[in-house]
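Below is one structure, written out as structure tokens, with a few remarks after it.
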Amino acid sequence: MPTVQLPPELWHHIFDIVCIDGGQMGCALSLVSRYIRECSRPYKLRSVALRGIHRISAFSALLSEAPAALDHVQHLFI
Numbered sequence: 309m310p311t312v313q314l315p316p317e318l319w320h321h322i323f324d325i326v327c328i329d330g331g332q333m334g335c336a337l338s339l340v341s342r343y344i345r346e347c348s349r350p351y352k353l354r355s356v357a358l359r360g361i362h363r364i365s366a367f368s369a370l371l372s373e374a375p376a377a378l379d380h381v382q383h384l385f386i
């Protein structure tokens, strides 16, 4: 079954389960297809793990450019 035939609500339940790994799964999902990228966008930053000053600085810059992204962060590991 093509992914576009599944309702977005079902994808949201799936993303809610799999996007708890520090951010890798959210980034990987954005590469699957345009449809999955759009459906998974709120989950991309759900769990964030920052290792090192470079990643902390990059995350800070992201939040400066798009402060609304912080609304999606539920778990932050530094």
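This note's numbering runs 308 ahead of the 1-based position in the sequence shown. Yeah, the Cβ is synthetic: ideal placement off N, Cα and C, and Gly gets one too. Since we're looking at a predicted model, the values are computed, not measured.
Return the chain-ordered list of same chain residues with a C-beta closer than 6 Å to the C-beta of residue i, the five sequence neighbours on each side being excluded.
i, result
"Ser-348", "Phe-323, Leu-337"
"His-362", "none"
What does the alpha-carbon distance come out to for the pair residue i and residue j?
i, j, result
"Ile-364", "Asp-379", "17 Å"
"Ala-377", "Leu-318", "23 Å"
"Glu-346", "Ser-368", "23 Å"
"Pro-350", "Pro-375", "13 Å"
"Ile-386", "Ala-366", "13 Å"
"His-321", "Arg-342", "18 Å"
"Pro-316", "Leu-384", "26 Å"
With burial defined as no fewer than 16 other Cβ atoms inside 10 Å of the residue's Cβ, what is the status of residue i: buried or exposed?
i, result
"Cys-327", "buried"
"Ser-355", "buried"
Between which residues of its own chain and residue i is the CB-CB distance below 8 Å, once the five residues before and five after are set aside?
i, result
"Lys-352", "Cys-327, Gly-331, Gly-334, Cys-335, Leu-337, Ser-338, His-380"
Quick one: which unbroken beta strand (DSSP E) runs of 3-plus residues sit fully inside the segment 332-369? Chain order, please.
355-357
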